[in-house]
Amino acid sequence: TLVWVSASLEQIPEGAMGLDGTVKGFGLAGTDTEAKLCQERPTEFVLSSGAAVSKGQEIKCGDVTSLCVSASRAGFKWRPKDPSPLAERAQELGGSEYLRLMERPVVLGFLEPTFRVCYGSDSALDLSVMSHITVGDVKATMVEELNAAVESLWVFHEGKRLEDGVFMRPSMNVKIVEVAPLAIRVLSGCCGEPLLAKVLLDGNEVGMTNDSGELQWDVPLGSHKVAIKHHALGTYPREPKDIVVSGGGQVNEVILPALPRLYVYATDPDVEEAEAPPGEDEEPLFDPSCVWVAADPEQIPDDALPLQGHARCACPTSGRKFRAELHASKVVPFRLPFDEVAQATTPRVCPLAAVRVRCGRRGFK
Numbered sequence: 158t159l160v161w162v163s164a165s166l167e168q169i170p171e172g173a174m175g176l177d178g179t180v181k182g183f184g185l186a187g188t189d190t191e192a193k194l195c196q197e198r199p200t201e202f203v204l205s206s207g208a209a210v211s212k213g214q215e216i217k218c219g220d221v222t223s224l225c226v227s228a229s230r231a232g233f234k235w236r237p238k239d240p241s242p243l244a245e246r247a248q249e250l251g252g253s254e255y256l257r258l259m260e261r262p263v264v265l266g267f268l269e270p271t272f273r274v275c276y277g278s279d280s281a282l283d284l285s286v287m288s289h290i291t292v293g294d295v296k297a298t299m300v301e302e303l304n305a306a307v308e309s310l311w312v313f314h315e316g317k318r319l320e321d322g323v324f325m326r327p328s329m330n331v332k333i334v335e336v337a338p339l340a341i342r343v344l345s346g347c348c349g350e351p352l353l354a355k356v357l358l359d360g361n362e363v364g365m366t367n368d369s370g371e372l373q374w375d376v377p378l379g380s381h382k383v384a385i386k387h388h389a390l391g392t393y394p395r396e397p398k399d400i401v402v403s404g405g406g407q408v409n410e411v412i413l414p415a416l417p418r419l420y421v422y423a424t425d426p427d428v429e430e431a432e433a434p435p436g437e438d439e440e441p442l443f444d445p446s447c448v449w450v451a452a453d454p455e456q457i458p459d460d461a462l463p464l465q466g467h468a469r470c471a472c473p474t475s476g477r478k479f480r481a482e483l484h485a486s487k488v489v490p491f492r493l494p495f496d497e498v499a500q501a502t503t504p505r506v507c508p509l510a511a512v513r514v515r516c517g518r519r520g521f522k
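Each residue of the sequence shown is one higher than the one before, starting from 158 at the first, in our numbering.
This is the structure we're talking about:
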């Protein structure tokens, strides 16, 4: 949108719009003159009247070159011509700029369509589409505003991340966030061995750890909740871990030890239907029931039987003893609270090698 100045009503076309803002300049008497622009219609601005000039005072023909407009319109950004076309033409041609304006209007500047960039908790900035054609241009401008590296900025529109080559459109509302690398390392809480597991950030699955138990990706700065999902461990921990991702060019490293989940159960021996019963002189043979320990629920058979009792072990490094009670009516998992062992960041002797089970079942020893 072009913003014009004219010295003749006949030169103003039909449909010309008014503007918000101000206009000011030096009057013929050398005084500052300022007026508000009219939004409903073109504004008439009297730079100086004859009554304001004292008798005998010198009249300067070039005073109109000081005309300065600050315009505004919803959804647009004001960009004045620099240098002023009035002052520039007067310097080149001399004479009266006012007389030239009576013959032809001059464009003083432009109202460029804008879009809004939201950032931080409640900050926003209106940028011109004309000077910010693509998302990459927006990021280049916001680098100084946010004091961040351009590669650490992501732009979103309606929840979708925009690539650098996407064109901006008037009236768009975009959000720009600063991101930093987050490295999650998932280890077994018993001995610090790496685990293959799905990583959840703020309840959303973001990827799978590699053979070293690690997953790294870029995350918006601020507070987040992280957890893992494993076919044997389930979702762990039950209450996701609170983390804070900060900038500064450093990788945010988080170690997430997962306490092992164990199952203890029994199975009865298989009975062969075609097997003949023992004779009177033959001693009967009875196969015992087997007691199993498993870490993967998918490996537990459908006919698994619960046991009463407890499981215990001692940490081979600290000597600390752990104990967990078994559920007598159903096969359920339990975790041994390896508090200090869970802080292991490198593999060590696994305390589960020392697990002992003391259990019972009615009619069995």
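Quick reminder that beta carbons are idealized off the backbone N, C-alpha and C, glycines included.
Spanning the alpha carbons of T392 and L284 requires a straight line of approximately 44 Å.
Under the DSSP assignment, G293 falls in the alpha helix (DSSP H) whose first and last residues are 292–303.
The straight-line gap separating the alpha-carbon atoms of Y422 and D359 is approximately 35 Å. DSSP links K238 through a beta bridge to no other residue. In this structure, the straight-line span from the alpha carbon of G466 to that of P508 is close to 20 Å. Residue pairing by DSSP places H314 opposite K317 in a beta bridge. In the DSSP assignment, M365 falls within the beta strand (DSSP E) that extends over 361–365.
In this model, H387 and L462 are separated by some 24 Å (Cα to Cα). Taking all protein chains in view, the Cβ of E302 is surrounded by fewer than 16 other Cβ atoms within 10 Å, so the residue is classified as exposed. Between the stretch 398–409 and the stretch 377–385, the count of C-beta pairs closer than 8 Å reaches three or more; the two stretches touch.
Distance between E362 and L390, taken at the CA atoms: about 16 Å. Note on geometry: alpha-carbon atoms of R257 and R230 lie some 28 Å from one another.
Between V292 and V160, the CB-CB gap reaches or exceeds 8 Å. M325 counts as buried, since at least 16 other C-beta atoms from the protein chains shown sit within 10 angstroms of its C-beta. Looking at N304, S328, I333, the one whose alpha-carbon comes closest to that of F313 is I333. A Cβ-Cβ separation of about 7 Å places R492 in contact with P417 under the 8 Å criterion.
Sequence-distant partners of F272 (beyond 5 residues in either direction) whose C-beta falls short of 8 Å from its own C-beta, in its chain, are D283, L284, V286, H289, M325, R326, P327, S328, M329, N330, V331. Secondary structure note for E254: it is in no beta strand (DSSP E), and the uninterrupted alpha helix (DSSP H) holding it is 254–260. Assigned with DSSP and collapsed to three states, P508 falls in helix. DSSP lists G182 as the beta-bridge partner residues of T190.
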